[in-house]
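Reviewing the structure listed below.
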Amino acid sequence: MRIKWNPIVKKDLRVAARSMRISWGLFAYEALLTMVFLIALAVIQADSRSIYGSGNVYNHLIYLFPVIAIAQVFIVTLIVPILTASAISGERERQTLDIMLTTCMSPFSIVLGKVSSAVVHILFFVTAGMPIMALAFVAGGLNWMNLFYFVLAIILLSVLAGSIGIFCSALCRRTITAVILSFAFYFVFGILTGVPVVIDGALRQWEGVGDSMLFLLFNPIVFFEEFFMQLMSEESIFGSVGYVFSKSDVGFLTYHLAKGKLWMLVSAACLTATAVLFMLAAAWKVNPIHSSAGRRPSGKRAK
Amino acid sequence: MLYINNLTKNYGSFTAVNHLTLHIPEGDLFGFVGPNGAGKTTTIRIVCGLLRASAGSVIIGNTAAAAGSREMKRLIGYVPDFFGVYDNLKVREYMDLYGSMYGMYTRDIAKLTDDLLELVNLSDKKEVYVDTLSRGMKQRLCVARALLHNPKLLILDEPSSGLDPRARVEMKELLKNLHSMGKTIVISSHILSELSEMCNSIGIMNRGQLITAGRIEDILQQLSGGSRLCVRIASGMDNAVRLMKEQAGLVVESVRENEMIVSGSITDEQISALIGRLIQNQVILTGFYREEGNLETLFMQLTGGGAQ
Ligand SMILES: Nc1ncnc2c1ncn2[C@@H]1O[C@H](COP(=O)(O)OP(=O)(O)O)[C@@H](O)[C@H]1O
Ligand SMILES: [Mg+2]
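Quick note, the sequences are listed as chains A and B, same order. Its first residue numbered 585, the first sequence is counted upward by one per residue in the numbering used here. Its first residue numbered 4, the second sequence is counted upward by one per residue in the numbering used here.
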């Protein structure tokens, strides 16, 4: 059987491969990652030579991995909105979205194609950063399976970021507005999901938090932290919460979710569901049948 | 083939299309004429499922499929009034992109692309970047793209706007060719004369309303000029004038050295009898014809103040 690519992915990759943008992007990414690597190495070396250090640089190289990994996730999540924010609005400006919509592509498969091509681009970046990653991994004493999980986590986070970006792109006419709105959503998911927990905790005089902690299942930063803790030392901060506080202090659900890897897996499911919701919303927005105003491309035609 | 029923589209309080009812039979080459802002593009976008109608319905073929549904999209090939270009995409890849959007396999598309590019006379441009093509070529490529999924109905919105005369002729030939291949084609334009030569029926639209629609000949009949006869005579003018005046229902409007203009309503049978009598009375006829209704005049007349 012949496999059918999503046509948009194929086209986007082809067009990107011929433009200078992707080359410059990869160059900047590599340069940035190398810089982080070198700075981290310099700090570790300086630290190991100080009077507090053990004098053995290899004991400290284990810190190389978290630094590189976090730097990579950070860069990737910043790149994705830039990749996706123009995905729909750009097609709209080029007036190719209309033609696409008259074909058999459903709005959802258009959105899915756009998110997929962003993820494939991210995989280019991740692959380009792989030698440095691998070095940090080995130095950190991690095995190849962990590297694989790390790539999975990056894919999950870029699918989420891509879905948010696509939704913003479908919503906003201008690309720059879409980028800004994407970061506003980052703020909502990364920071605001923590607010109920803080309020809840304060109300209980920091004796514990209730089920408001479940909001944190939708927090990508908390997800990544959990993932990372599992990867590094197979422990869960929320697991510790479960041990420290009693069932009544953290709420029934949190108490049970906090056991082992469960929190991380449920959180991954929640983030995936969030991504799907954003994609569905974007598809709904792209579907011309749903917008009564009928967005006529603003490009003026000479008559 | 295409049934538009009471179609209405409001933009806020502005009505762009007002209770439009239109039927385009299968195999027609239909011209959709109206001044800028008449609502042609709006109508076409609704038919293609790119815009939601405020009221009314569109039925294509025998399907009762909803506007914008996949079955309906398979029946329509749409050539918009703009040309969306991707930088860095070759003609062959452009066709491949849209073919795969119809769920076709690359190998099948490649075969079809060869045939279609041949049809639109772009065979030698297969490996050329789309954005380097001339406007006329882009437009023809757009037609080839719209034909990829072998639609029953081809809709072109202002296909020749912005084209030079040569490209216009090429486009016209292409459309005639497609028509003879049995496609139902709808073309919109704000220039009537452009359509009158190639279309077999037209609809005239102004300010969101359909003013008249039908076969070109029938519409010409509606013209005031349609009942004027022009008679050219080499000799025997006196006899001719006398016979004309005898004919009931005819009024001689003007007589010149070897030409006279007669107006009034007269059937084709009466005309042939009249010609016979003229010849019997030694009138040497060199020409006898109904004065062609001027479509532009009709257009201006019908669209009233709407036309600029
Ligand atoms: N998105 C829109 N919002 C508001 N008015 C619109 C919109 N699109 C078109 N119109 C108006 O609807 C009328 C019909 O436009 P259109 O269908 O493009 O005309 P045509 O194609 O016949 O030139 C015009 O007066 C135009 O200004
Ligand atoms: Mg128009």
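Ideal placement from N, C-alpha and C gives every residue a C-beta, glycine not left out.
- Between the stretch 36 to 51 of chain B and the stretch 193 to 212 of chain B, the count of Cβ pairs shorter than 8 Å is three or higher; the stretches touch.
- Nearest C-alpha to G34(B) among I7(B), I158(B) and R95(B): I158(B).
- Relative to ligand 1, even the nearest heavy atom lies 6 Å or more away from the CB of T11(B).
- Straight-line spacing of the CA atoms in G290(B) and M263(B) works out to 10 Å.
- Put simply, the CB of S603(A) is near chain B, with a gap under 7 Å to one of its CB atoms.
- Distances between the C-beta of A19(B) and the heavy atoms of ligand 1 include at least one below 6 Å.
- Residue contact check for S163(B) against chain A: no CB pair falls below 7 Å.
- Relative to T759(A), the option among F771(A), S670(A) and D631(A) whose CA is nearest is S670(A).
- Here the alpha carbons of V704(A) and L741(A) stand approximately 13 Å from one another.
- Distance from the CA of L125(B) to the CA of M107(B), rounded to the nearest whole angstrom, comes to 21 Å.
- By the rule that beta-carbons nearer than 7 Å mark a contact, R676(A) does not touch chain B.
- At a cut-off of 7 Å, the C-beta of S103(B) has a neighbouring C-beta in chain A.
- The C-beta distance from L198(B) to V88(B) rounds to 27 Å, too long to meet the 8 Å contact threshold.
- Boundaries of the alpha helix (DSSP H) around Q273(B): D271 to Q283.
- Apart from sequence neighbours up to five positions away, the residues of its chain that approach N8(B) with a beta-carbon distance below 8 Å are T24, G59, S60, V61 and I62, ordered along the chain.
- For the pair V131(B) and A754(A), the Cα-to-Cα distance works out to about 31 Å.
- Contact check between the stretch 704 to 720 of chain A and the stretch 734 to 751 of chain A: three or more CB pairs, one atom from each, fall below 8 Å, which counts as touching.
- Looking at F771(A), V772(A) and G749(A), the one whose alpha-carbon comes closest to that of A762(A) is G749(A).
- At a cut-off of 6 Å, the beta-carbon of T44(B) counts as near ligand 2: some heavy atom of the ligand is closer than that.
- In this structure Y97(B) is buried. Its beta-carbon is surrounded by 16 or more other beta-carbon atoms within 10 angstroms.
- When DSSP states are grouped into helix, strand and coil, K595(A) belongs to the helix group.
- For C233(B), the enclosing beta strand (DSSP E) stretches over residues R231 to S238.
- Assignment of T44(B) by DSSP, reduced to helix, strand and coil, places it in the helix class.
- Of the other Cβ atoms in all chains shown, 16 or more fall within 10 Å of the Cβ of K141(B); this residue is therefore buried.
- The beta carbon of F767(A) sits closer than 8 Å to those of P665, all from its chain and outside the five residues before and after it, given in chain order.
- Within the stretch 73 to 145 of chain B, the complete alpha helix (DSSP H) runs of at least 4 residues fall at 73 to 78, 94 to 104 and 109 to 122.
- Here DSSP, grouped into helix, strand and coil, assigns I775(A) to coil.
- Under the Cβ criterion (8 Å, minimum of three pairs), the stretch 161 to 172 of chain B counts as touching the stretch 183 to 196 of chain B.
- Contact check for L744(A) and P804(A): beta-carbon distance about 6 Å, within the 8 Å limit, so the pair qualifies.
- Residue K594(A) holds the alpha-carbon nearest to the alpha-carbon of S700(A) among K594(A), D682(A) and C752(A).
- T686(A) reaches chain B at C51, G52, L53, K76, I79 and Y81, counting residues in chain order whose Cβ is nearer than 8 Å.
- Listed along chain A are R598, V599, A600, A601, R602 and S603, each with a C-beta nearer than 9 Å to that of N91(B).
- Each residue's CA atom was taken as its position, placing T45(B) and H22(B) some 13 Å apart.
- Within chain A, the residues whose beta carbon sits less than 7 Å from that of R73(B) are C688, listed in sequence order.
- Looking at the DSSP output, D160(B) bridges to S191(B).
- For chain A, the residues of the stretch 96 to 120 of chain B that bring a beta carbon within less than 7 Å of one of its beta carbons are E96, L100, Y101, S103, M104, Y105, G106 and Y108, in chain order.
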